[in-house]
Amino acid sequence: MAEGITAMTWLAVFMGGGVGSVLRFGLGQGLRSVEIGSFPWAVLAANVLATALLAWCAVTGAELWGRTSPMWFFMTVGVCGGFSTFSTFAWDTLRLWQDGGWALAVANVAVSVVGCVAISWWVAQITS
0 MAEGITAMTW LAVFMGGGVG SVLRFGLGQG LRSVEIGSFP WAVLAANVLA
50 TALLAWCAVT GAELWGRTSP MWFFMTVGVC GGFSTFSTFA WDTLRLWQDG
100 GWALAVANVA VSVVGCVAIS WWVAQITS
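FYI, in numbering that gives the first Met the number 0 the residues of the sequence shown are 0 to 127.
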């Protein structure tokens, strides 16, 4: 194993991934009742929230736990990795495009990329 990576690290990533995936699933189920049109709001929300959490972990979490602790890997690789979903974002964008919703597809890309970068910057600013 790589230096600093222990069996506990692997377990932390595994458990965090489960937590993140369940959070994403729950968010998706919760937003189904408020879905407006065919825009993938739940995926956008999951990605923005996961990005905000990752930015917080990168700044504050690194100070609290250190970047080699199992907690760091639990939160960043596990929870944030399981909560965010680039593959679903890509699939939803393609589906929108193929269904003739090219404006929604372009909006999804723009809002997702700009929104996630902006939230990452903002969280880093307020937690630094």
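Glycine residues also receive a C-beta, built at the ideal position from the N, C-alpha and C atoms.
This one's a predicted model, so the numbers in the text were calculated from it and none came from an experiment.
- Sequence-distant Cβ neighbours of V33 in its own chain, meaning closer than 8 Å and more than five residues away, are W40.
- Contact annotation, L103 with L95: C-beta distance approximately 5 Å; criterion of less than 8 Å satisfied.
- With a contact defined as Cβ atoms closer than 8 Å, V78 and G19 qualify at about 4 Å.
- Of the candidates M74, V112, A54, Q97, the residue whose Cα lies closest to the Cα of T126 is A54.
- Using a C-beta cut-off of 8 Å, the stretch 58-78 makes contact with the stretch 7-14, since at least three inter-stretch Cβ pairs fall below that distance.
- Judged by pairs of C-beta atoms under 8 Å, the stretch 84-91 does not touch the stretch 112-123, as fewer than three such pairs exist.
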